[in-house]
Amino acid sequence: MSLALILTLALAGSTPAVAVETPLPGTLDLTRVRALVVQYDGRWMPLDTMARDTVESVTGTAYFQGHDPVLLLLGWTFKPESWKNQPLISISNIELRAELSLPETQTIYSCGELEKHEPLRMLFARLIHMESGRKLDPLEDKVSDIGKKLRILRQAFSGESICVIPAAKGRNDAWLPIVSHSVQGSPGQESVWSAWSDLGEAFRKDDAAGFSATAERLTTALAALPAAHRPDPKLIATELHYNRLQPFHIASRVMVLAAVLAVVALVVRRRWFDVPAVLGMLAGFAVLSYGLWLRWQIAGRIPAANMFESLLFLSWGMGAFAIFSMLVMRNRTVPLIASAMGALALFLADALLGHDSYIRPIVPVLMDTVWMSIHVPVIMVSYSVLALAMVIAHVQLVVMAFAPHNSRLIAQIDGFHYWHIHVGSILLLAGIITGSMWGASSWGRYWGWDPKEVWSLIAFLGYLTILHVRADRQRVSWWAYLIGGLLIVALFVVVVQKLAPLSLVKGFALAGTALAIVLFVVARGRLATALKSVLCFWLILMTYLGVNYVLGTGLHSYGFGKGAVARYMLLLGVIDLAVALALCAIHLARGRQEARGMRQEEGKRQEARGMRQEEGKRKARGKRGVAGAPSRSGCLRSRQPDGVGDQLEPISAATVRERPSVPHPVRRSSGPAKRGGAPLAKAVGHPPSCLLPLASCLMPLAFCFIPLAIS
Numbered sequence: 007m008s009l010a011l012i013l014t015l016a017l018a019g020s021t022p023a024v025a026v027e028t029p030l031p032g033t034l035d036l037t038r039v040r041a042l043v044v045q046y047d048g049r050w051m052p053l054d055t056m057a058r059d060t061v062e063s064v065t066g067t068a069y070f071q072g073h074d075p076v077l078l079l080l081g082w083t084f085k086p087e088s089w090k091n092q093p094l095i096s097i098s099n100i101e102l103r104a105e106l107s108l109p110e111t112q113t114i115y116s117c118g119e120l121e122k123h124e125p126l127r128m129l130f131a132r133l134i135h136m137e138s139g140r141k142l143d144p145l146e147d148k149v150s151d152i153g154k155k156l157r158i159l160r161q162a163f164s165g166e167s168i169c170v171i172p173a174a175k176g177r178n179d180a181w182l183p184i185v186s187h188s189v190q191g192s193p194g195q196e197s198v199w200s201a202w203s204d205l206g207e208a209f210r211k212d213d214a215a216g217f218s219a220t221a222e223r224l225t226t227a228l229a230a231l232p233a234a235h236r237p238d239p240k241l242i243a244t245e246l247h248y249n250r251l252q253p254f255h256i257a258s259r260v261m262v263l264a265a266v267l268a269v270v271a272l273v274v275r276r277r278w279f280d281v282p283a284v285l286g287m288l289a290g291f292a293v294l295s296y297g298l299w300l301r302w303q304i305a306g307r308i309p310a311a312n313m314f315e316s317l318l319f320l321s322w323g324m325g326a327f328a329i330f331s332m333l334v335m336r337n338r339t340v341p342l343i344a345s346a347m348g349a350l351a352l353f354l355a356d357a358l359l360g361h362d363s364y365i366r367p368i369v370p371v372l373m374d375t376v377w378m379s380i381h382v383p384v385i386m387v388s389y390s391v392l393a394l395a396m397v398i399a400h401v402q403l404v405v406m407a408f409a410p411h412n413s414r415l416i417a418q419i420d421g422f423h424y425w426h427i428h429v430g431s432i433l434l435l436a437g438i439i440t441g442s443m444w445g446a447s448s449w450g451r452y453w454g455w456d457p458k459e460v461w462s463l464i465a466f467l468g469y470l471t472i473l474h475v476r477a478d479r480q481r482v483s484w485w486a487y488l489i490g491g492l493l494i495v496a497l498f499v500v501v502v503q504k505l506a507p508l509s510l511v512k513g514f515a516l517a518g519t520a521l522a523i524v525l526f527v528v529a530r531g532r533l534a535t536a537l538k539s540v541l542c543f544w545l546i547l548m549t550y551l552g553v554n555y556v557l558g559t560g561l562h563s564y565g566f567g568k569g570a571v572a573r574y575m576l577l578l579g580v581i582d583l584a585v586a587l588a589l590c591a592i593h594l595a596r597g598r599q600e601a602r603g604m605r606q607e608e609g610k611r612q613e614a615r616g617m618r619q620e621e622g623k624r625k626a627r628g629k630r631g632v633a634g635a636p637s638r639s640g641c642l643r644s645r646q647p648d649g650v651g652d653q654l655e656p657i658s659a660a661t662v663r664e665r666p667s668v669p670h671p672v673r674r675s676s677g678p679a680k681r682g683g684a685p686l687a688k689a690v691g692h693p694p695s696c697l698l699p700l701a702s703c704l705m706p707l708a709f710c711f712i713p714l715a716i717s
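Going letter by letter, the sequence shown gives residues 7 to 717 in the numbering used here.
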């Protein structure tokens, strides 16, 4: 429906004066009504799903004030005069209320209040005459959202939202609502209208027996109508079961419990206690898999059409890879990381980002290919593995900062981290390739430099940097840097030609990108690897969320969403960068302190060695003073205390020719490096250690300017 029509419907209507009490029936059996098949939002579904979607679209929650959504929808339909003045629409944004001159202390408003509010009506009128194709600003977007809520309410109040009368001819024709003007001249539909009227009367009187009998009669009358298409009753039953079960809520809670058990297992450090943690993770993964299977059956496609469904696959991928990791590596931290990150992904999908959790139809061109079912699981599992690598990188930074002497633990974490990056990068490349195949099948080209395609390539190149710059590799020869530098210069020459004429922002973006690439490649060592892994995952987040929510452009419009994701990304990115740099600074400070302590300790050892040598010399001189001068025979003549003759003692060449004591050359201690607490300069190799934080900051910052430069 067009924006103008939405706002026109929102502008219409009267405004009763005072809100009245609207008690809902409390004794009705909604089982039959809940299973009525309706056509809504381009697909067929039970009335239960349609009611949940409608109520949540208006009020922000499916269970408004704890009421059953089907009961609320029937109340709006059968008793509209009682609900027009009931506060239903939430406007919590303070700036929006101030802009609309709404009361400062009120956050929930009725349909009647908003319809008669003059500033809002003026904004509605302005949006109706808005230039076609222009992107809405934040205020206009919120006003348009209010208009959509008013339109949904008005359709419910008029009885036109529940479309249960099937189309008799065309499969894709629109179904009709049960209203008096739609059933004239049709005997079958008149019986439906009669049952519907009786149902409304029983609802208003809270007549439980009459409501159940009328619901049965309505179901029979609807089944007798001719229909070009009816959905499979088993599919409707599956969706009702899915709605009742809420598998993703259960999976998130089970995964949180599994994460708690995994923490306890790490503290207790008993192998038998790992069993509950592993079983909890497997149970959460099983429930999540079952929920995805149910959603797949209901939608008739892989559940990967929007951000909510992709987050479900993100959580599923973490669980799947965790099971694989446990079989291969047998690491006890795997259940903790997988359960915690899986629960976090489900929480983001369910609550924080406000994503649409309902099953929606997708663009038909994307359905006519098998590559969708291949690309989405592969790319989401790659994101899952790289997310786990990011968590491990944070753990590695913490250990290197606060336990630098535990070289064995640091080496284990680094190997575990590198293995995740290796697998995740391979899956990311496979996801890019299968995505290009999907693009060729749907859009007729393999690669079109779409923003999401560009950012996926940038993220992949970032992880390639980590794979090719490792702490255990030999120092790269100068000619390799020269060849790489020439290739980068050639690439930038091509890019500069595409961006002409250059502006100050574009020039800064190019310079920052070049510097970031150089520093990102030169920085080496375990610490550098962990930091780059953290920052590269933000490139993944830019690909996954930033293109949709920050840039808001490109062919991947089916994945777009709305919400405060840009603010969340900026806030979390700043916090994460600050934490990573703080851990880096702690490691650097402790490394320098330990190096200084080692030098002081070595100096004390040298001083003690010199004192022992001086003491030996003094003793040797004392012996010579008592024994007298050496004899010609090469012996010292020593007088015995008892005065009985002389005794000859052999003397050594060291006694006769004493050489001055020269301390050994002091070798630079490599103790901290061997114990895992090496200074940052030792860890990163050739470049000065102070450049690593600068490289880590500039790499994502410079890449953020690429879309600005290209645009």
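Positions of the beta carbon are idealized from the N, C-alpha and C atoms, including for glycine.
Thinking C-beta only, is residue j closer than 8 Å to residue i?
| i | j | result |
| --- | --- | --- |
| Val391 | His426 | yes |
| Pro31 | Arg40 | no |
| Ser197 | Ala227 | yes |
| Tyr248 | Arg301 | yes |
| Glu207 | Pro183 | no |
| Val553 | Trp444 | no |
| Ala395 | Ala265 | no |
| Lys90 | Phe163 | yes |
| Glu119 | Leu156 | no |
| His411 | Leu473 | no |
| Phe84 | Leu78 | no |
| Val6 | Leu159 | This structure cannot settle anything about residue 6, because the visible part of the chain is limited to 7 through 717. |
| Leu434 | Tyr469 | yes |
| Gly1 | Phe254 | Because the chain spans 7 through 717 in this model, residue 1 falls outside it and cannot be assessed. |
| Leu403 | Ala586 | yes |
Tell me which same chain residues have a C-beta within less than 7 Å of the C-beta of residue i, skipping the five on either side of it?
| i | result |
| --- | --- |
| Val274 | none |
| Thr440 | Trp377, Ile380, His381, Val384 |
| Ala399 | His423, Ala536, Ser539, Val540 |
| Glu62 | Ala68 |
| Leu354 | Leu317 |
| Ala268 | Ala283, Pro341, Leu342, Ser345 |
| Val76 | Leu36, Val39, Arg40, Leu53, Asp54, Ala57 |
| Thr244 | Leu300, Gln303, Ile304 |
Taking Cβ positions only, does residue i come closer than 8 Å to chain B?
| i | result |
| --- | --- |
| Asp47 | Looking at the structure shown, chain B is missing, and only one protein chain is on hand. |
Within its chain, find whatever has a CB closer than 6 Å to the CB of residue i; leave out the 5 residues flanking it on each side and keep chain order.
| i | result |
| --- | --- |
| Ala215 | none |
| Leu508 | none |
| Gln418 | none |
| Gly721 | A query on residue 721 cannot be resolved here, the shown segment of the chain reaching from 7 to 717 and no further. |
| Val690 | Its pLDDT being 35, under 50, Val690 is placed unreliably in this model, and the coordinates cannot settle the point. |
| Trp278 | none |
| His235 | Arg177 |
| Phe514 | none |
Nearest to residue i by CA position, among the options, is which residue?
| i | options | result |
| --- | --- | --- |
| Arg366 | Ala310, Ser96, Ile168 | Ala310 |
| Ala409 | Gly445, Gly597, Leu129 | Gly597 |
| Leu145 | Phe130, His135, Asp35, Asp212 | Phe130 |
| Ala305 | Leu36, Pro237, Gly421 | Pro237 |
| Val524 | Ile256, Arg602, Leu577, Gly490 | Gly490 |
| Tyr550 | Met313, Ser218, Thr244, Arg307 | Met313 |
| Ile256 | Leu285, Asp74, Val293 | Val293 |
| Ile464 | Met604, Leu545, Lys610, Ala328 | Leu545 |
Residue i and residue j look like a contact to me (Cβ under 8 Å); what is the Cβ gap, rounded to whole Å?
| i | j | result |
| --- | --- | --- |
| Met347 | Val397 | 6 Å |
| Ala393 | Phe498 | About 32 Å; that fails the 8 Å criterion. |
| Asp212 | Thr37 | Rounded, the Cβ-Cβ distance is 17 Å, inconsistent with contact. |
| Ile749 | Ile134 | Residue 749 lies beyond the residue range present for the chain, which begins at 7 and ends at 717; the question has no answer from this structure. |
| Ser321 | Ala351 | 4 Å |
| Pro86 | Leu106 | Not confirmed; about 25 Å, so no contact. |
Please return the same chain residues whose Cβ sits closer than 8 Å to the Cβ of residue i, not counting the five positions on each side in sequence.
| i | result |
| --- | --- |
| Val104 | It should be noted that the sequence gives Ala, not Val, for residue 104. Excluding residues within five positions, the ones whose Cβ falls inside 8 Å are Glu110. |
| Cys169 | Val44, Gln45, Tyr46, Ala180, Trp181, Leu182, Pro183 |
| Leu231 | Ile171, Pro172, Ala174, Gly194, Gln195, Val198 |
Quick one: does the C-beta of residue i sit closer than 7 Å to a heavy atom of the ligand NAP?
| i | result |
| --- | --- |
| Leu156 | Among the ligands in the structure shown, none appear at all, so the ligand NAP cannot be discussed. |
Review point. Can you give, in chain order, each stretch of the alpha helix (DSSP H) that sits fully within the stretch 382-455 and has at least 4 residues?
Key: 413-449
**Study point:** Segments of 4+ residues assigned as alpha helix (DSSP H) that fall wholly inside the stretch 66-98
**Key:** 75-84, 86-89
Review point. In chain order, which continuous runs of the beta strand (DSSP E) of length 3 or greater are located wholly inside the stretch 304-365?
Key: none
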